[in-house]
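Count the sequence shown with my numbering and you get residues 7 to 203, in order.
Worksheet for the structure shown next.
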Amino acid sequence: MKEIIIATKNDGKAKEFKELFSAYGIHARSLLDLEAELPDVEETGTTFRENAALKAEQTASLLSVPVMADDSGLMIDALNGQPGVYSARYAGGQKDDQANINKVLNELVDVPGNKRTARFVCVLAIAVPGEKTIFREGFCEGYIANGKSGENGFGYDPIFVPRGFERTMAELSKEEKNRISHRAVALKQLKDWLGEQ
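As structure tokens, this is what we get:
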């Protein structure tokens, strides 16, 4: 496989995956790079795995090419795993990173530091027409900071401090983040499969 479509319209996510795939000699394009506008896949699943499969399989079926989709999010222990699969729209209908961050910080305002444990989760689904969908998972453990810090990354990166660091994900360099992120860990799980393509 020399090329794969990344089933996302999130520019930040697309850039990360393109960099990660380029290490394997695979040219990745996102839905933003296609000439034709594809309809959004409704994420009706209740788990990251179900939503990743829906996006990959429906897009692969439309385009007749290999497609990778991810479903990822933030799970906070003190919030019983929320925002979870609702991470992108946690604060309401539209995707709004700042509103989502504000909601999380407000909900954790009385939670002490040692109870603010959380993890980023990424489930990758690769759908190749005529083949069984492949899944890989990645996790990045850490905790939620008391406030925002850093300009890099996107989503909840400015309030998530990865285990082993004293800086938020948004304060890490691109190289540091690509070594430890949930997406990078999930992609490493695909290494053997990618090496055979």
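Ideal Cβ placement from N, Cα and C applies to all residues, glycine included.
- Message: Would you call the stretch 118-125 in contact with the stretch 143-163, where contact means no fewer than 3 C-beta pairs closer than 8 Å?
- Response: yes
- Does DSSP classify Val-73 as helix, strand or coil? Residue state for Val-73 is assigned as strand, using DSSP reduced to three classes.
- Item | the ligand MN heavy atom lying under 7 Å from the CB of Leu-114 | The ligand MN is not part of the structure shown, which contains no ligands of any sort.
- Kindly list the residues whose CB is nearer than 6 Å to the CB of Ala-131, restricted to its own chain and excluding five residues on each side of it in sequence; keep chain order. Ala-58, Ala-59, Ala-62, Ala-75, Thr-139, Phe-141
- Query: Can you tell which of Asp-17, Phe-166, Pro-168 has the C-alpha that lies nearest to the C-alpha of Asp-39?
  - Reply: For Asp-39, the nearest C-alpha among the options comes from Asp-17.
- Task: Decide if Lys-8 is buried, meaning its Cβ has at least 16 other Cβ atoms within 10 Å, or exposed.
- Result: exposed
- Query: Between the stretch 104-117 and the stretch 155-168, are three or more C-beta pairs nearer than 8 Å?
  - Reply: yes
- Query: Nearest to Leu-85 by alpha carbon, out of Ser-155, Pro-72, Asn-112?
  - Reply: Among Ser-155, Pro-72, Asn-112, the Cα nearest to that of Leu-85 is on Asn-112.
- Residues that DSSP places opposite Leu-193 in a beta bridge: Looking at the DSSP assignment, Leu-193 forms no beta bridge with any residue, so it has no partner.
- Query: In this structure, does DSSP put Gly-170 in helix, strand or coil?
  - Reply: coil
- Item | Neighbour-count burial assignment, Tyr-149, 16 or more Cβ in a 10 Å radius | Buried: at least 16 other Cβ atoms inside 10 Å.
- Can you tell me where the alpha helix (DSSP H) with Ser-28 in it begins and where it stops? 17-28
- Query: Shortest alpha-carbon distance to Gly-153 belongs to which of Glu-43, Thr-53, Gly-136, Met-175?
  - Reply: Met-175
- Is the Cβ-Cβ distance between Glu-177 and Asn-158 less than 8 Å? yes
- Leaving out five residues before and five after Leu-193 in sequence, what residues of the same chain have Cβ atoms less than 6 Å from its Cβ? Leu-26
- Would you identify the three-state DSSP class for Phe-54, choosing helix, strand or coil? helix
- Message: For Gly-51 and Val-191, I'd like the C-alpha separation in whole angstroms.
- Response: 23 Å
- For Pro-33, does the count of other Cβ atoms within 10 angstroms reach 16, so buried, or fall short, so exposed? Note that residue 33 is His in the sequence shown here, rather than Pro. Counting Cβ neighbours within 10 Å, His-33 comes out exposed, since fewer than 16 surround it.
- Query: How long is the line joining the alpha carbons of Asp-46 and Tyr-96, rounded to whole angstroms?
  - Reply: 19 Å
- Pull up the CB-CB distance for Ile-10 and Pro-72, whole angstroms please, since I reckon it's below 8 Å. 5 Å
- Query: Just the Cα atoms here: how many angstroms apart are His-188 and Arg-55?
  - Reply: 14 Å
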